[in-house]
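Okay, structure first, notes after.
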Amino acid sequence: MISVCIPLYNYFAYPLVHRLSSEIEQLGAQDRFEIVCIDDHSSDECRNQNKGIENLAVCHFLDANIGRAQIRNLFLQKTKGKWLLFLDNDSVVPDRFLQNYEEAISDKADVIVGGRIYDPGSDDRQHHLRYLYGTRVESRTVGERRKKPYRSFMTNNFMVRRSVMENIQFDPRLANYGHEDTLFGYRLEEHRIPILHIDNPVVNGYVESNKEFLQKTNEGIESLVFIYNFMQDDPHFCQSVRLIDTYVKFRRLGLLKVVYNFFERNRESMELHFETGKGFSLRQFSLYKLGLFIEKNNGIGYAGVSPALIKETIQL
Numbered sequence: 231m232i233s234v235c236i237p238l239y240n241y242f243a244y245p246l247v248h249r250l251s252s253e254i255e256q257l258g259a260q261d262r263f264e265i266v267c268i269d270d271h272s273s274d275e276c277r278n279q280n281k282g283i284e285n286l287a288v289c290h291f292l293d294a295n296i297g298r299a300q301i302r303n304l305f306l307q308k309t310k311g312k313w314l315l316f317l318d319n320d321s322v323v324p325d326r327f328l329q330n331y332e333e334a335i336s337d338k339a340d341v342i343v344g345g346r347i348y349d350p351g352s353d354d355r356q357h358h359l360r361y362l363y364g365t366r367v368e369s370r371t372v373g374e375r376r377k378k379p380y381r382s383f384m385t386n387n388f389m390v391r392r393s394v395m396e397n398i399q400f401d402p403r404l405a406n407y408g409h410e411d412t413l414f415g416y417r418l419e420e421h422r423i424p425i426l427h428i429d430n431p432v433v434n435g436y437v438e439s440n441k442e443f444l445q446k447t448n449e450g451i452e453s454l455v456f457i458y459n460f461m462q463d464d465p466h467f468c469q470s471v472r473l474i475d476t477y478v479k480f481r482r483l484g485l486l487k488v489v490y491n492f493f494e495r496n497r498e499s500m501e502l503h504f505e506t507g508k509g510f511s512l513r514q515f516s517l518y519k520l521g522l523f524i525e526k527n528n529g530i531g532y533a534g535v536s537p538a539l540i541k542e543t544i545q546l
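So the mapping is simple: the numbering used here equals the position in the sequence shown, first residue as 1, plus 230.
Structure, rendered in structure tokens:
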């Protein structure tokens with residue numbers, strides 16, 4: 231059996247669950263699939279909106295928010311399947327979605343990743359930062375993902391064998407937004423768990439506004455700094471995360487103060503461009519993230535190097 235696992239949080243997920251339930255019915259596969267939803271203490275309004283899901287799936291509503299890592303681990307207790315298929319609650323799934331996953335099962339892979347794409351119609355001035363980052367950084371063809379299978383791992387659309395999930399769980403220390411997939415993907419690589427990437431992408435249904443995405447970026451950097459502080463003695467991990475790898479290289483060269491000074495002088499201007507959705511590049515956004523990382527990690531060195539050189543060479 232495949233257990234479809236959908237963590238819910240403040241999002242109207244009925245269309246997703248209905249679509250999955252309809253495919254199961256069309257396949258006549260009620261004995262091969264189950265849909266399980268766990269609501270991570272959403273607002274009362276959102277819970278009421280999602281009540282119809284209870285007619286289509288097994289639903290659990292938590293009395294307190296436990297975060298993105300622990301809620302995924304909780305599905306081990308709430309499901310029956312040999313395989314656990316995780317989906318973000320804003321996913322829009324294609325035709326044959328469940329069938330594609332079922333057909334991909336073999337003894338050669340313990341984790342199967344489907345990928346993600348973005349609807350071009352969601353790109354406008356107010357959402358351009360999120361859309362650009364999503365399409366240029368997160369969306370990868372199956373061929374591109376297979377070149378770096380562990381670095382291409384994302385939690386929004388993947389299936390894992392229960393026995394693997396029981397041994398390699400999401401780190402419960404990661405209570406806030408961001409990078410739980412980075413660490414989980416690294417653990418898979420560390421344990422040499424075979425990953426298969428397939429062409430079965432979901433559409434990212436909710437595209438945050440520029441302002442929302444900046445806030446999420448801030449929260450994600452805080453999570454990455456938290457991870458770095460207990461993983462910094464593992465050089466392979468540091469090299470596997472591009473932002474950390476860049477930070478470490480600049481620290482060794484004594485360039486962190488130069489980078490941070492440039493970040494501080496240009497922060498307001500960059501944020502204005504990001505929020506308005508015009509006049510910026512992803513390289514500038516990468517520099518902005520590095521500046522945030524330095525600030526939150528309180529690690530600044532010094533060397534008299536031109537900020538223009540930093541801007542020219544940085545590629546996160």
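We put the CB at the ideal spot given by N, CA and C, even for glycine.
{"query": "Proximal residues to F443 (C-beta, below 6 Å), its chain only, five neighbours per side dropped", "result": "L359, R360"}
{"query": "DSSP bridge partner residues for R391 (one or two, in chain order)", "result": "W313"}
{"query": "Buried/exposed call for F460, threshold 16 Cβ in 10 Å", "result": "exposed"}
{"query": "C468 versus S352 - alpha carbon distance", "result": "34 Å"}
{"query": "Inter-residue Cα distance where the pair is E420 and F414", "result": "10 Å"}
{"query": "Alpha carbon of E255 to alpha carbon of P431, nearest angstrom", "result": "21 Å"}
{"query": "Through-space distance from L317 to C235, alpha-carbon basis", "result": "6 Å"}
{"query": "Close beta carbons around L546, own chain, < 6 Å, minus the five adjacent residues each side", "result": "Note that L546 scores 46 on pLDDT, short of 50, meaning its location in the model is unreliable; the coordinates nonetheless yield the value given after this. Once the five neighbours on either side are set aside, the close Cβ partners of L546 are R472, L473, T476, S516."}
{"query": "S536 versus L512 - alpha carbon distance", "result": "Per-residue confidence for S536 stands at a pLDDT of 41, beneath the threshold of 50, marking its modelled position as unreliable; the derived number appears in the next sentence. For S536 and L512, the distance between alpha carbons rounds to 20 Å."}
{"query": "Pick from I296, A294, C267 that is closest to N285, judged by C-alpha positions", "result": "C267"}
{"query": "Cut-off 6 Å between Cβ atoms - residues of its own chain near D429, not counting five sequence neighbours on either side", "result": "V372"}
{"query": "Per DSSP, the bridge partner or partners of V288", "result": "V266"}
{"query": "Backbone secondary structure at L238 - three-state DSSP", "result": "strand"}
{"query": "Between the CA atoms of N528 and L485 - distance to the nearest angstrom", "result": "14 Å"}
{"query": "C-beta contact flag for G345 and R381 at 8 Å", "result": "no"}
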